[in-house]
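Residue numbers (this note's numbering), protein chains in the order written: chain A, 321 to 443; chain B, 218 to 539. Glycine included, C-beta positions come from ideal geometry on N, C-alpha and C. Computed from a prediction, not measured in an experiment: that's the story for all the values here. These notes concern the structure reproduced below.
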Amino acid sequence: MHAVIPYVIAGLLFALGVYGVLRRRNAILVLMAVELMLNAVNLILVAADATIKSALGGVQPEAWAYPVPEPRAGAIFALFVIVLAAAEVGVGLAIVLQYYRLRRAVVLDEVALHEHDHERVTG
Amino acid sequence: MTVADALMLALGAIAVGSGVFVVTSAHLVRAGFYLVVSLGAIAGLYLVLGAELVAWVQILVYVGAVVVLLLFAVMLTRAPIGPSKDLDRPAAPAALIGGGVGLGLTVLLVDAFRWTEFELPPPGTGRRVGEQIFGAWVLPFEVLSILLLAALVGAIVLSRPDIGARPDPDAAARPDEPPPGPVDESAEVVARLQRIAARQSAAQERLRAQRAAEKVGGRLTHPDEIATQTATTREDVLKQKAHDVVFRAREAGPTLGQPDKTEISDSAARTIEGTSREIESRPIPDRPTRALPSGEAQDRAGNRALPKAPDQPGPDPDGEAT
């Protein structure tokens, strides 16, 4: 297996995510692009998990670096990142929907950051 | 070039290609579905790399939950079905930065790994990952669960307008202004509701005119005031009828503490055993029916008072059974 293939795929996906975040004006599409970036990071983690250990052939392993005999930390980090992405999407969509409820729009360019208006108590 | 390489190249092409459509498509919903394809291809890459559990969790969480959540948000923000014109900013700076990032990362990674080959590790099973999570990584796992709980609470607090809203300091300045509803309708919805209301009022008007024409026709057949009188008191008659039905059925029905008359007659009939003809001649016990007109209800009440009246000599299944 050539390790460069998954790494390059992950790099291209991350670049696509950056492009999408910068290009899109709709908040939901920006969240989709953020998902692409997070998946690129996950792919890097899993690929590193599969390849780095065999690359570290002659390196003496430190005792504190391997608390368990067979580390597969990359997959576990990927799981953690998936959970983080799920939480991020939940809170992000709650913010987007609340903003839509207040302003009838999800366009990020027109979010008024400088003016500060208090939210009103609506029954 | 092994099988794993070919698989990874194909899946990577699918992932990157549909990722391009995610960030360039003019349809919001299509962008979501291309995201499904891209994430599924990445799950295939995880499978090839030996991270089986991550692949299935990816399909469960991303394709099953996150994309569905995004599509729900697309629906709830009333996104248009067709292509949208104003989804994008000008492409030049984004393309510059994105291309720079992609080029830089690709050059860096290609320079780091060259075309060296690695042996694939044995595929990781869920058992191994589980042992690691609950062994070495149990503290981050618990912290992550607290983070999920916080995200849950935060999402609920954000999406309820009555929690945590500060009172408006300008509210005293304009007290007569009604507070805006949390969801007030857009212009097209208001127009549609008005159209529906107009159609309904037109239909009611037509019905009223029809009824007036009927009334005039009735007056022509009955030249006296009987027609108008019946027309006016028709409602009262109906009310009286309904009253009769309700209260007579209630009076004729079983009262608390007293055995029903049909029950008494049933037990009396069942004590005479061996003479099936006596049982056969017993009328069918009527069931309490509430929604009958008053005359029929009265009739049934009379039947119930005289249960052995042989006016219904139908064959009884109970009698045949005994």
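Margin query: Taking DSSP's pairing of strands, which residues face A/Arg-344 in a bridge?
Written below: By one-based count along the first sequence, residue 344 of chain A stands at place 24. DSSP lists B/Asp-305 as partners of A/Arg-344.
Item checked: chain A contact residues for B/Trp-354, given Cβ-Cβ distances below 7 Å -> Locating residue 354 of chain B in the second sequence gives position 137, counting from the first residue. Simply Ile-396.
Item checked: chain A contacts made by the stretch 258-269 of chain B, where a contact means CB separation under 8 Å -> Close to chain A, meaning a Cβ-Cβ distance shorter than 8 Å, are the following residues of the stretch 258-269 of chain B: Ile-259, Leu-262, Tyr-263, Leu-266, Gly-267, Ala-268.
Check: Taking DSSP as the reference, what is the three-state secondary structure of A/Val-427?
Finding: Against the first sequence, residue 427 of chain A aligns to sequence position 107. Strand at A/Val-427.
Check: So which residues on chain A does B/Ile-298 lean against when the C-beta distance must stay under 8 Å?
Finding: Counted from its first residue, the second sequence places residue 298 of chain B at position 81. For a Cβ distance threshold of 8 Å, nothing in chain A lies close to B/Ile-298: the least Cβ distance comes to about 15 Å.
Notebook entry, point to check: If we cut at 7 Å on Cβ distances, does A/Ala-368 have a partner in chain B?
Noted result: Sequence index remark: in the first sequence, residue 368 of chain A carries index 48 (1-based). Not closer than 7 Å to any Cβ of chain B, the Cβ of A/Ala-368 fails to qualify, so no.
Notebook entry, point to check: Using 7 Å as the limit for Cβ to Cβ distance, is A/Val-273 near chain B?
Noted result: With chain A represented from 321 up to 443, any question about residue 273 of chain A goes unanswered, as that position is not in the structure.
Item checked: Buried or exposed by the 16-neighbour rule on C-beta atoms within 10 Å, applied to B/Gly-235 -> Here residue 235 of chain B is taken as the residue at index 18 of the second sequence, counted from 1. Just to set this straight, residue 235 of chain B is Ser in the shown sequence, not Gly. B/Ser-235 comes out buried.
Notebook entry, point to check: With distances taken between CB atoms, is the gap from A/Gly-412 to B/Thr-323 smaller than 7 Å?
Noted result: Here residue 412 of chain A refers to the residue found at position 92 when the first sequence is read from its first residue. Here residue 323 of chain B refers to the residue found at position 106 when the second sequence is read from its first residue. Remark: C-beta atoms of A/Gly-412 and B/Thr-323 do not approach each other more closely than 7 Å.
Check: Going by alpha carbons, who is nearest to B/Tyr-251 out of B/Ala-308, B/Ala-414, B/Ile-231?
Finding: By 1-based counting over the second sequence, the position of residue 251 of chain B is 34. Out of B/Ala-308, B/Ala-414, B/Ile-231, B/Ile-231 has the C-alpha closest to the C-alpha of B/Tyr-251.
Checklist line | Closer than 9 Å at the beta carbon, the chain A residues around B/Ala-404 | finding: Stepping through the second sequence from its first residue, residue 404 of chain B is reached at position 187. Per Cβ cutoff of 9 Å: no residues; B/Ala-404 is ~10 Å from chain A at best.
Next item on the list: Could you say which of A/Met-321, A/Ala-335, A/Leu-342, A/Ala-353 lies nearest to A/Ala-368 if we only look at CA atoms?
Entry: In the first sequence, residue 368 of chain A corresponds to position 48, counting from 1. Considering only A/Met-321, A/Ala-335, A/Leu-342, A/Ala-353, the residue with the shortest C-alpha distance to A/Ala-368 is A/Met-321.
Margin query: Less than 7 Å between the beta carbons of B/Leu-375 and A/Ile-415, yes or no?
Written below: For the purposes of this step, residue 375 of chain B is taken as the residue at position 158 of the second sequence. For the purposes of this step, residue 415 of chain A is taken as the residue at position 95 of the first sequence. Closer than 7 Å, so yes.
Item checked: Beta-carbon contacts of B/Tyr-263 that lie in its chain and below 8 Å, excluding the five residues immediately before and after -> Here the question's residue 263 of chain B lines up with position 46 in the second sequence. Cβ neighbours of B/Tyr-263 beyond the five flanking positions: Glu-269, Val-271, Ala-272, Gln-275.
Notebook entry, point to check: Under 7 Å between the Cβ atoms of A/Phe-334 and A/Ala-360?
Noted result: Position 14 of the first sequence, counting from 1, holds the residue named residue 334 of chain A. Position 40 of the first sequence, counting from 1, holds the residue named residue 360 of chain A. Yes, they are a contact pair.
Next item on the list: Name, please, each residue of chain A whose Cβ falls closer than 9 Å to the Cβ of B/Ile-231.
Entry: Position 14 of the second sequence, counting from 1, holds the residue named residue 231 of chain B. For a Cβ distance threshold of 9 Å, nothing in chain A lies close to B/Ile-231: the least Cβ distance comes to about 10 Å.
Margin query: Is there a C-beta anywhere in chain A that falls below 7 Å from the one on B/Val-433?
Written below: The residue given as residue 433 of chain B occupies position 216 in the second sequence. Chain A, which has no Cβ nearer than 7 Å to the Cβ of B/Val-433, makes this no.
Margin query: Going by beta-carbon coordinates alone, are B/Gly-315 and A/Tyr-339 separated by less than 7 Å?
Written below: Residue numbering aside, residue 315 of chain B sits at position 98 when the second sequence is read from its first letter. Residue numbering aside, residue 339 of chain A sits at position 19 when the first sequence is read from its first letter. Using a Cβ distance threshold of 7 Å, B/Gly-315 and A/Tyr-339 count as a contacting pair.
Next item on the list: Below 7 Å CB to CB, which residues in the same chain sit around B/Ala-221 once its five sequence neighbours on both sides are set aside?
Entry: Mapped onto the second sequence, residue 221 of chain B falls at position 4. Correct list, in chain order: Val-265, Leu-337.
Next item on the list: Verify the CB distance criterion: does A/Leu-349 have a CB-CB separation below 7 Å to chain B?
Entry: Position 29 of the first sequence, counted from the first residue, corresponds to residue 349 of chain A. Any Cβ of chain B closer than 7 Å to the Cβ of A/Leu-349 would place that residue at the interface, and such an atom is present.
Next item on the list: Would you mind giving the Cβ-Cβ distance between B/Met-218 and A/Pro-326, rounded to the nearest angstrom? I have them listed as a contact below 8 Å.
Entry: To locate residue 218 of chain B, count along the second sequence from 1; it is residue 1. To locate residue 326 of chain A, count along the first sequence from 1; it is residue 6. About 15 Å; that fails the 8 Å criterion.
Notebook entry, point to check: In terms of alpha-carbon separation, which member of A/Leu-428, A/Arg-345, A/Gly-394, A/Gly-410 lies closest to B/Gln-349?
Noted result: Walking along the second sequence from the start, residue 349 of chain B turns up at place 132. Taking B/Gln-349 as reference, the option from A/Leu-428, A/Arg-345, A/Gly-394, A/Gly-410 with the minimal CA-CA separation is A/Gly-394.
Next item on the list: In the DSSP assignment, find the unbroken alpha helix (DSSP H) run with B/Ala-290 in it and report its ends.
Entry: As a first step, residue 290 of chain B must be located in the second sequence, where it is residue number 73. Where B/Ala-290 is concerned, the enclosing alpha helix (DSSP H) stretches over 284-293.
Checklist line | N-terminal and C-terminal residue of the alpha helix (DSSP H) that B/Asp-379 is part of | finding: Indexing the second sequence from 1 puts residue 379 of chain B at position 162. Neither: B/Asp-379 is in no alpha helix (DSSP H) and is coded neither H nor E.
Next item on the list: Compare the C-beta of A/Arg-423 with all C-beta atoms of chain B and state if any pair is closer than 7 Å.
Entry: Numbered from 1 along the first sequence, position 103 holds the residue referred to as residue 423 of chain A. False, the Cβ-Cβ gap to chain B never drops below 7 Å.
Notebook entry, point to check: Taking Cβ to Cβ, would you say A/Arg-343 is nearer than 7 Å to B/Asp-305?
Noted result: One-based indexing of the first sequence puts residue 343 of chain A at position 23. One-based indexing of the second sequence puts residue 305 of chain B at position 88. With contacts defined by Cβ atoms closer than 7 Å, A/Arg-343 and B/Asp-305 form a contacting pair.
Notebook entry, point to check: chain A beta carbons: is any one of them nearer than 7 Å to that of B/Leu-224?
Noted result: Against the second sequence, residue 224 of chain B aligns to sequence position 7. Any Cβ of chain A closer than 7 Å to the Cβ of B/Leu-224 would place that residue at the interface, and such an atom is absent.
Check: Which residues share a DSSP beta bridge with A/His-322?
Finding: On the first sequence, residue 322 of chain A is found 2 positions in, with the first residue counted as 1. Per DSSP, B/Glu-334.
Notebook entry, point to check: If we cut at 7 Å on Cβ distances, does B/Ala-227 have a partner in chain A?
Noted result: The sequence position of residue 227 of chain B within the second sequence is 10, counting from 1. Under the Cβ distance rule, B/Ala-227 does not count among the residues neighbouring chain A, no pair being separated by less than 7 Å.
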